[in-house]
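For reference, the structure discussed in these notes is given below.
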Amino acid sequence: MDGYRLVFVGGMGRSGSTLIELLLGGLPGFCSVGETVHLWRRGLLENERCGCGKAFLDCGFWSEVGERAFGGWGGLDVDGVLRLKDGVDRTRFLPALLDGEWGNGAFATRGRLYVDLYHRLHGAVAEVSGARVVVDASKHASLAACLRRGYGDRMRLLHVVRDPRAVAHSWGRRVARPDASPDSREKEMARYSAGRAAVQWMTQNAILDALARRGVSTLKVRYEDFVADPDREFGRIADFVGHDGPPLDLGGAGVEPVEGHAVSGNPMRFESGPVGVRADHRWREELAPWRRCLVEAVTAPTRGRYGY
Numbered sequence: 001m002d003g004y005r006l007v008f009v010g011g012m013g014r015s016g017s018t019l020i021e022l023l024l025g026g027l028p029g030f031c032s033v034g035e036t037v038h039l040w041r042r043g044l045l046e047n048e049r050c051g052c053g054k055a056f057l058d059c060g061f062w063s064e065v066g067e068r069a070f071g072g073w074g075g076l077d078v079d080g081v082l083r084l085k086d087g088v089d090r091t092r093f094l095p096a097l098l099d100g101e102w103g104n105g106a107f108a109t110r111g112r113l114y115v116d117l118y119h120r121l122h123g124a125v126a127e128v129s130g131a132r133v134v135v136d137a138s139k140h141a142s143l144a145a146c147l148r149r150g151y152g153d154r155m156r157l158l159h160v161v162r163d164p165r166a167v168a169h170s171w172g173r174r175v176a177r178p179d180a181s182p183d184s185r186e187k188e189m190a191r192y193s194a195g196r197a198a199v200q201w202m203t204q205n206a207i208l209d210a211l212a213r214r215g216v217s218t219l220k221v222r223y224e225d226f227v228a229d230p231d232r233e234f235g236r237i238a239d240f241v242g243h244d245g246p247p248l249d250l251g252g253a254g255v256e257p258v259e260g261h262a263v264s265g266n267p268m269r270f271e272s273g274p275v276g277v278r279a280d281h282r283w284r285e286e287l288a289p290w291r292r293c294l295v296e297a298v299t300a301p302t303r304g305r306y307g308y
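The numbers in the sequence shown follow the UniProt record's numbering, run straight up by one, and end at 308.
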């Protein structure tokens, strides 16, 4: 299960990472699995739709992955996995996650068990798909901090960042979740206040920067640069993650999507037709002035380092 590379797409949600993830998943030898951080609840407990359109538990790809990784999903204690996640993969544990190796003690034991779950999951994905690169777009910096302990130099961190005012605007919008099932607790995508979005933006980006300083191989990509010159920026990304084939042509009518099995994430996973790169700058007209001022004030200490 070790003969693959992991590309972890990290950053604050609503930063354009789903588009990049979908494009990466179309490269030969790559398999994009969406946001596996949500697989345990949304896939196994709530049986939400896979990116292929089928319910998660009816998807042949994920059924085979579960069989190879855990002897079948039925043999996995999902409630136990969620308790394990809450005991390791949370922002409040970041000081420990960023501090050297696991060490000893209860937290270290939980951490090793948690990373082993992902190692088995990603390894099974690589085996079933035949991919040499697995793309996980879970985004959460705390999960990236966990996984770097188990993956070492086999992990590449793609740090996607976007103007915090655009991010806050997106988090404030009501958007239905087309992957939701009758059992889903969340029928709409989560919404944050402008202040909370700004704080989360600072926190997530600061943690990913800290991982880069600790030796995690990282490439930072700004959403604004990507939509302005997608061919150049995706070329940088492709080189970074180890794609040695011909480049994608993103400047025309778009790229024909490859049927994938991404779990959770942006609703654009279910759109039909070619995948194109289109700038979304609606926040400039739609974000209320007081919200803009609030986001600017909260993010002022770090916004400039990303060019905003």
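For every residue, glycine included, the Cβ atom is placed at its ideal position computed from N, Cα and C. Bear in mind that the values here come from a model prediction, so they are computed numbers and not experimental data.
Check	Outcome
DSSP beta-bridge partners of M155	L6
Helix, strand or coil at A77 [DSSP, three-state]	Reading off the sequence, residue 77 comes out as Asp, not Ala. It is coil, neither helix nor strand.
Pairwise C-alpha distance: T299 and A197	10 Å
Alpha helix (DSSP H) runs contained entirely in the stretch 169-244, provided each spans 4 or more residues	194-213, 223-228, 230-241
Residue closest to H122, alpha-carbon to alpha-carbon, out of R232, V263, A288, A69	A69
Separation of P182 from R213, as counted between CA atoms	43 Å
Assigned secondary structure, D99 (DSSP; H/G/I helix, E/B strand, else coil)	coil
Selection from H38, F30, W290 that minimises the alpha carbon distance to S184	H38
For L24, the nearest candidate out of R278, V241, H281, C293 (CA to CA)	V241
Strand pairing of V139, partner residues [DSSP]	In the sequence as displayed, the identity of residue 139 is Lys instead of Val. Answer by DSSP bridge pairing, in chain order: G10.
Contact belief for F56 with E48 at Cβ below 8 Å, rounded distance in angstroms	6 Å
T109 classed as buried or exposed, judged by whether at least 16 other C-beta atoms fall within 10 angstroms	exposed
Residues near V221 in its chain [Cβ-Cβ closer than 8 Å; skip 5 each side]	I20, L158, H159, V160, V161, E233, R236, I237
Buried versus exposed call for W290 [16 or more other C-beta atoms within 10 Å across all chains shown]	exposed
Under 8 Å between C-beta atoms of V33 and A180	no
Residues bridged to residue 328 (per DSSP)	The chain is shown from 1 up to 308; residue 328 falls before or after that span and cannot be answered.
Residues of its chain near V199, where Cβ-Cβ distance is below 7 Å and the 5 sequence neighbours each way are ignored	V298
Nonlocal neighbours in the same chain, by C-beta distance under 7 Å from N266, ignoring five residues either side	T18
Nearest-angstrom Cα separation, counted from R305 out to D280	22 Å
Neighbour-count burial assignment, C146, 16 or more Cβ in a 10 Å radius	buried
Inter-residue spacing [alpha-carbon to alpha-carbon] between L143 and D116	13 Å
Sub-8 Å separation of W73 and L44 beta-carbons	yes
Collapsed DSSP secondary structure at A55 in the structure displayed	strand
Of the listed residues G260, Q204, D249, F107, nearest to V128 (C-alpha basis)	G260
Helix, strand or coil at R49 according to DSSP, with G and I counted as helix	strand
Endpoints, the alpha helix (DSSP H) within which W290 is located	289-303
Opening and closing residue of the alpha helix (DSSP H) in which H119 lies	106-129
Cβ-Cβ separation, T218 to L211 (assumed contact under 8 Å), whole Å	7 Å
Cβ separation of Y4 and A124, assumed to be a contact under 8 Å, to the nearest whole Å	Not confirmed; about 10 Å, so no contact.
Contact check, V9 vs D136, beta carbons under 8 Å	yes
When V295, T302, T36 are compared against H169, the one with the closest alpha-carbon	V295
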